[in-house]
Amino acid sequence: MGKIALTAGALYAIVLLRAGGTFAVGWLAGAGARRSRFAERISSARFQRAERAIQRWGAPVVAVSFLTVGFQTAANFLAGSMRMPLPRYLPALFVGGAAWALIYATVGLGVLEVLGRLFAEQTALGVSAVAVLLLTVCGVVVFRRSRTARSSGDAVAEES
């Protein structure tokens, strides 16, 4: 249990710094955009409505984003660039970050322990498991890229 608590604590500190930093970068980018040539676009009524909606309802999205893969950085950056108030953002960061840290600490350590035992006791099976895992990841990446290429090709064909 001590190993999980230590790992979860370290991961929690990391996610707070990373997500909080992404929020701060988004805040600065939003402030810069408000002073740039994009200021006119950003001041439109439609953009203002979207900004108010994110400021008011974005906290649950930020908290849930920690349970996804690949969306949490975008959610934190958007929350910052749309100036979500800190009293709404920080609780979402703390709750979502805690969930992320606990999941990765328990599941991550479990997977590492299983792989460690597998390599120690049955090296061939361990190597096979890692090879299957890598092939699966590569297959998913290739499938997604080919699907994206096909859909963008269809869009170009429809425009012609």
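Residue numbers for the sequence shown follow my numbering, so the first one is 1 and each next one is one higher. For glycine and all other residues, C-beta sits at the position ideal for the given N, C-alpha and C. Please read these numbers as outputs of a predicted model, since none were measured by experiment.
- In the structure shown, PRO60 adopts helical secondary structure according to DSSP, grouped into three states.
- If you look at VAL111, you'll find it in the alpha helix (DSSP H) that goes 86 to 121.
- Beyond the five residues adjoining it in sequence on each side, GLY126 comes within less than 7 Å, by CB distance, of LEU115, LEU118 and PHE119 in the same chain, given in chain order.
- If you check the CB distance, ALA101 and VAL15 come in under 7 Å.
- Distances from the CA of GLN72 to each of GLY21, ALA131, ARG147 and ARG145 were compared; the closest alpha carbon is that of GLY21.
- At the C-beta level, ALA50 and GLY96 stay beyond 7 Å of one another.
- If you draw a straight line from the Cα of THR7 to the Cα of ARG35, it comes to about 42 Å.
- Put simply, of MET82, ILE42, SER43 and ALA45 the residue whose alpha carbon is nearest the alpha carbon of PHE23 is MET82.
- When the beta-carbon positions are compared, GLY26 and PHE66 stay at least 7 Å from each other.
- Taking 7 Å as the cut-off, the Cβ atoms of ALA92 and ALA59 count as close.
- In this structure, DSSP gives LEU67 a state outside helix and strand, which the three-state scheme calls coil.
- Between MET84 and ILE54, the beta carbon gap of about 6 Å places them in contact (Cβ cut-off 8 Å).
- The three-state secondary structure of PHE23, taken from DSSP, is helix.
- By the CB criterion at 7 Å, LEU11 and TYR104 fall inside the cutoff.
- Distances from the CA of ALA29 to each of PHE94, GLY108 and ALA79 were compared; the closest alpha carbon is that of ALA79.
- By the Cβ-count criterion, ALA75 is buried, with 16 or more other Cβ atoms from all chains shown falling within 10 Å of its own Cβ.
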